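Inspection log for the structure reproduced underneath, given as structure tokens.
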Amino acid sequence: MRTTIIASLLFICQFSFAAESFYHSVKAEKGDGIFSLLRRYHLDDHQCNKDRFLELNKMTIKDHLIVGRHYAIPVLIYDYNGTSIRTTIGIDDWDKAVRIKEYNDKILSKKLRRTNYMDSKILWVPFHELHCDESLPSKKVMVKAAKPEAASGSYHLEELFGKEHKMVEIKSRDLKNRVYYIVAGHGGPDP
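Taking numbering that gives the first Met the number 0, I'd label the letters of the sequence shown as residues 0 to 190.
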């Protein structure tokens with residue numbers, strides 16, 4: 000009886016340790032900010048990832064990253080059990096497991112990790128996949144561009160260009176009500 004209890008406890012402990020995880024840490028590079036670092040690791044689409052990054056590193060949104068310093072990012076590292084992603088992290092959701100696999104493949108293709116999770120037995124799981132309300136991702140909204148107005152035959156009187164060029168033909172109104180700026184230069188190489 001005692002042997003059975005001990006064997007059962009060892010069996011349970013083995014699986015409880017398999018599900019333990021920790022956060023991945025990366026070194027800040029020159030030019031990195033909080034958002035660019037999260038964007039590099041494809042974590043910028045979910046507000047909870049940004050919030051978790053700030054919490055993990057005891058920072059505020061106004062803080063700057065220091066080049067060469069290591070920062071925890073909202074990616075949980077699990078020991079892959081060689082069976083499946085779902086059994087490794089203790090979930091039943093097939094679609095979520097597929098997204099986690101695709102994330103690992105994407106990170107590998109971007110050379111942000113050296114080996115795939117099946118060879119290294121190290122699984123990267125984005126924080127938002129396990130700990131964020133899936134109904135609240137901060138998705139980018141695609142805005143359909145308005146059809147440009149035809150403006151042929153329109154002219155504008157502008158004295159700025161002198162008497163010979165005061166009548167300026169309006170070729171398009173594509174930039175109407177848009178903010179733009181022009182950087183003046185001499186058009187050639189600097190002396």
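Every residue, glycine too, gets a C-beta built ideally from N, C-alpha and C.
Predicted model, so just to flag it, every value in this text is computed and none were measured.
State buried or exposed for residue i, treating a residue as buried only when at least 16 other CB atoms are found within 10 Å of its CB.
| i | result |
| --- | --- |
| arginine 177 | exposed |
| tyrosine 154 | exposed |
| leucine 135 | With a pLDDT of only 49 at leucine 135, under 50, the local geometry of the prediction cannot be trusted, and no value is derived from it. |
| arginine 172 | exposed |
| histidine 45 | buried |
| aspartate 31 | buried |
Taking the alpha carbon of residue i as the reference point, which residue from the options has its own alpha carbon closest?
| i | options | result |
| --- | --- | --- |
| histidine 69 | Leu111, Asp104, Val25, Ile99 | Val25 |
| aspartate 43 | Ile72, Lys175, Asp92 | Ile72 |
| threonine 82 | Phe21, Gly67, Tyr116, Asn56 | Tyr116 |
| proline 125 | Lys165, Thr114, Val74 | Val74 |
| serine 37 | Ser20, Ile60, Phe21 | For clarity, residue 37 is leucine in the given sequence; the question names serine instead. The candidate whose alpha carbon is nearest that of leucine 37 is Ile60. |
| asparagine 80 | Ile181, Leu122, Leu55, Lys29 | Leu122 |
| isoleucine 76 | Ser108, Glu101, Ile88 | Ile88 |
| cysteine 47 | Phe160, Gly161, Glu128, Glu168 | Glu128 |
| valine 167 | Glu157, His41, Leu111, Lys175 | Glu157 |
| tyrosine 102 | Tyr40, Glu19, Val66, Lys170 | Tyr40 |
| glycine 67 | Glu28, Lys95, Arg112 | Glu28 |
DSSP three-state call for residue i: helix, strand or coil?
| i | result |
| --- | --- |
| isoleucine 33 | helix |
| leucine 122 | strand |
| glutamate 158 | helix |
| tyrosine 40 | coil |
| glutamate 28 | coil |
| glutamate 128 | helix |
| leucine 135 | Reliability of the predicted coordinates at leucine 135 is poor, the pLDDT of 49 falling under 50, and the value obtained from them is presented with this limitation in mind. Three-state DSSP puts leucine 135 in coil, outside helix and strand. |
Who pairs with residue i in a beta bridge, going by DSSP?
| i | result |
| --- | --- |
| tyrosine 22 | Leu75 |
| valine 178 | According to DSSP, valine 178 bridges with nothing at all. |
| methionine 117 | Partner(s): none; methionine 117 has no beta bridge. |
I'd like to know if residue i contacts chain B, where contact means its C-beta is closer than 8 angstroms to some C-beta of that chain.
| i | result |
| --- | --- |
| tryptophan 123 | Among the chains of the structure shown, chain B does not appear; only one protein chain is present. |
*asked:* Quick check on the DSSP output: what are the complete alpha helix (DSSP H) runs of length 4 or more inside the segment 50–109, in order along the chain?
replied: 84–88, 93–108
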